[in-house]
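Numbering-wise, the sequence shown is residues 122 to 314 according to the working numbering. Glycine included, each C-beta is placed from N, C-alpha and C at the ideal position.
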Amino acid sequence: MNTNKSFIFILFFCIFYNFICISEGRDLGSANWGTHMTPLITAVTYTDGPILEMGCGDFSTPILHAICSAKERYLLSTESDEKWMNLFTDLKNEWHQFKFVKSTNEWANIGNNINWAVVLIDHTPAQQRIIDIKRLRQNTDIFVIHDSQSYANHVYNYEPYLSTFKYKYQYNRYDTTTTLVSDKIDVSKLFIN
Numbered sequence: 122m123n124t125n126k127s128f129i130f131i132l133f134f135c136i137f138y139n140f141i142c143i144s145e146g147r148d149l150g151s152a153n154w155g156t157h158m159t160p161l162i163t164a165v166t167y168t169d170g171p172i173l174e175m176g177c178g179d180f181s182t183p184i185l186h187a188i189c190s191a192k193e194r195y196l197l198s199t200e201s202d203e204k205w206m207n208l209f210t211d212l213k214n215e216w217h218q219f220k221f222v223k224s225t226n227e228w229a230n231i232g233n234n235i236n237w238a239v240v241l242i243d244h245t246p247a248q249q250r251i252i253d254i255k256r257l258r259q260n261t262d263i264f265v266i267h268d269s270q271s272y273a274n275h276v277y278n279y280e281p282y283l284s285t286f287k288y289k290y291q292y293n294r295y296d297t298t299t300t301l302v303s304d305k306i307d308v309s310k311l312f313i314n
């Protein structure tokens, strides 16, 4: 199967999987919470290796689980809201682990000793995001950073730091944008037609 057909198959499988999981008794969150899914799925599809999800979500957690299940690719989902995280822990298994982050100080211990193929940045508190991007930069191939629209920079303080990466791509199909950055992979080439 060529890359385009493979990507389309994975995308449809993930949408179906997410629909089934969410339909088990609770409503899906706002569509704005899922505006990072196309760049996230693209980054995961074009890489190999472990994935770090910083901030669980109705859109990202079940879909990352579905994608990783085919090859039992290691996935670590982290979350600072234990009640929210527990909505997803039914997905926990040998290759998909969950870590509850009790305090802001504990974020400093997440993901330091692994070389990550993809790190999704979508966690709280907001000011922790840029700290973790800086901390994990040397051992991450691609960061997928949700909520990177310019009008939110005063909350997340992504810039000017994100512009120091060798490669940067802004996925701006939606008002709530997602940025991919990397020092190793030209992320803009992942989106060429």
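Among Y277, I184 and Y288, the one whose alpha carbon lies nearest that of T261: Comparing alpha carbon positions, the residue from Y277, I184 and Y288 closest to T261 is Y288.
Helix, strand or coil: which one does DSSP assign to K220? In this structure, K220 counts as strand in the three-state DSSP scheme.
For L196, report the span of its alpha helix (DSSP H) as first-last. Premise fails: L196 lies in the beta strand (DSSP E), L196 to E200, not in any alpha helix (DSSP H).
Buried versus exposed call for T163 [16 or more other C-beta atoms within 10 Å across all chains shown]: Buried.
Extract the residue ranges of the beta strand (DSSP E) inside the segment 256-291, only unbroken runs of 3 or more that lie entirely within it. If we require 3 residues or more, the beta strand (DSSP E) runs fully inside the segment 256-291 come out as 261-267.
Please determine whether the Cβ atom of L301 lies at a distance below 8 Å from any heavy atom of the ligand SAM. In the structure on display, the ligand SAM does not appear, and there are no ligands present to speak of.
Expressed to the nearest angstrom, what Euclidean distance is found between the alpha-carbon atoms of L254 and F264? One detail in the question is off: residue 254 reads as Ile in this sequence, not Leu. Cα-Cα distance, rounded: 8 Å.
Cβ neighbour criterion (16 or more within 10 Å) applied to Y292: Buried: at least 16 other Cβ atoms inside 10 Å.
For D304, which residues from the same chain have a beta carbon less than 8 Å from its beta carbon, with the 5 sequence-adjacent residues on both sides left out? If we look at D304 and ignore the five residues flanking it on each side, its Cβ neighbours are R258, F286, K287 and Y288.
Three-state secondary structure (DSSP) of E174: Correct three-state label for E174: strand.
Using CA atoms only, rank isn't needed, just tell me which of V308, E215 and R256 is closest to W228. Checked all of V308, E215 and R256; the closest Cα to W228 is R256.
I'd like to check one pair, P171 with A247: are the Cβ atoms closer than 9 Å? No, the Cβ-Cβ distance between A247 and P171 is not below 9 Å.
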